[in-house]
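Each residue of the sequence shown is one higher than the one before, counting from 293 in the numbering used here.
Backbone N, C-alpha and C define an ideal beta-carbon position, used for all residues, glycine too.
Please read these numbers as outputs of a predicted model, since none were measured by experiment.
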Amino acid sequence: VDNTDTALKEIEEKGVRLIDKVSRKGAENLNIGFLHPKSTFGVLTEICSK
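Printed below as a string of C-alpha cells:
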C-alpha cells in the first residue's frame, strides 16, 4: 500500500479487527501492520508500505 496508517484506518472502518491500529517498523524498515486472524478466516494478514 502507499500509506500503511491510512490503509489500517480504512480497513478498521470496514469492520475488520486489527492487531496494529497504527503502523510499526518491520523487515527492511518497511511500515507494517497486521489484521487480526479472527477477521480474516484464521489467516494472519500483514500489510506493508511499498
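task: Spell out the partners DSSP gives G325 in its beta bridges.
output: Along the sequence shown, read from residue 1 onward, the residue named residue 325 stands at position 33. Beta-bridge pairing links G325 to I339.
query: Residue range of the alpha helix (DSSP H) that T296 falls in?
result: Here residue 296 is taken as the residue at index 4 of the sequence shown, counted from 1. Residues 296 to 305.
query: Which residue from E304, A319, G307 puts its Cα closest to that of S341?
result: Residue numbering aside, residue 341 sits at position 49 when the sequence shown is read from its first letter. Closest by C-alpha distance to S341, out of E304, A319, G307, is A319.
query: If I339 and A299 are in contact, beta carbons under 8 Å, what's the gap, nearest whole angstrom?
result: Residue 339 sits at position 47 when you count from the first residue of the sequence shown. Residue 299 sits at position 7 when you count from the first residue of the sequence shown. That pair is a contact at about 6 Å.
field: Sequence-distant residues of its chain with Cβ nearer than 8 Å to V314 (five each side left out)
entry: For the purposes of this step, residue 314 is taken as the residue at position 22 of the sequence shown. Cβ neighbours of V314 beyond the five flanking positions: D297, L300, G325.
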